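What follows is one structure encoded as structure tokens, with my remarks underneath.
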Amino acid sequence: MTLTVLPLKARTPLLLVFPVEAIRAGFPSPAQDYADSSIDLNEELIRDKTATFIVRVAGDSMEGAGIFDGDEIIVDRSLNPRSGDVVVAVIDGELTLKRLILDGTGAHLEAENAAYPPIRIDELSELTIWGVVTFGIRHVR
């Protein structure tokens, strides 16, 4: 899996129409009112702009977490990683995207695809958590 860090440009408001209600994935309601106000995606998705990066994902090891090849993820480096978080980790100098598991045996990283075994962090390995994934941008078209 390779990760490409994309630079965040100067923060400018990105205002989009925000619906009053959630849009139903079932049968649509003709009485539903769709537009009420606007939403700024910068405000909703980025908590700390100086520590937040967008990273492009290459590979299929995290498909079970809804992160697919070609998606972008929003990574916040200011967050303290917790067990169960999806993280960008550096293991012995190489970047990877995995789920962090902290338990009685120590730390290990798990893929969300059965084709990839867990990565056990042994005493001789160097593990750095580069950042915590907060959102995924899923390409639909």
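Numbered per the numbering used here, the sequence shown spans residues 1240 to 1380. Glycine included, every Cβ here is placed at the ideal spot set by N, Cα and C. Computed from a prediction, not measured in an experiment: that's the story for all the values here.
Reduced DSSP secondary structure (H/G/I, E/B, other) of residue i
| i | result |
| --- | --- |
| A1346 | strand |
| G1303 | helix |
| L1339 | strand |
| L1284 | helix |
| A1290 | helix |
| S1364 | coil |
| D1315 | strand |
| A1297 | strand |
Cα-Cα separation between residue i and residue j, rounded to whole angstroms
| i | j | result |
| --- | --- | --- |
| R1286 | D1315 | 8 angstroms |
| I1358 | E1282 | 35 angstroms |
| E1362 | S1277 | 51 angstroms |
| I1360 | L1339 | 11 angstroms |
| R1380 | E1311 | 14 angstroms |
| D1279 | F1374 | 15 angstroms |
Identified DSSP bridge partners for residue i
| i | result |
| --- | --- |
| R1380 | Answer by DSSP bridge pairing: none, since R1380 is not bridged. |
| E1333 | I1330 |
| R1321 | DSSP lists no partner for R1321. |
| G1375 | I1312 |
Test item: CB-CB of residue i and residue j under 8 angstroms
| i | j | result |
| --- | --- | --- |
| I1313 | I1293 | yes |
| T1367 | A1328 | yes |
| A1354 | M1301 | no |
| L1334 | S1322 | no |
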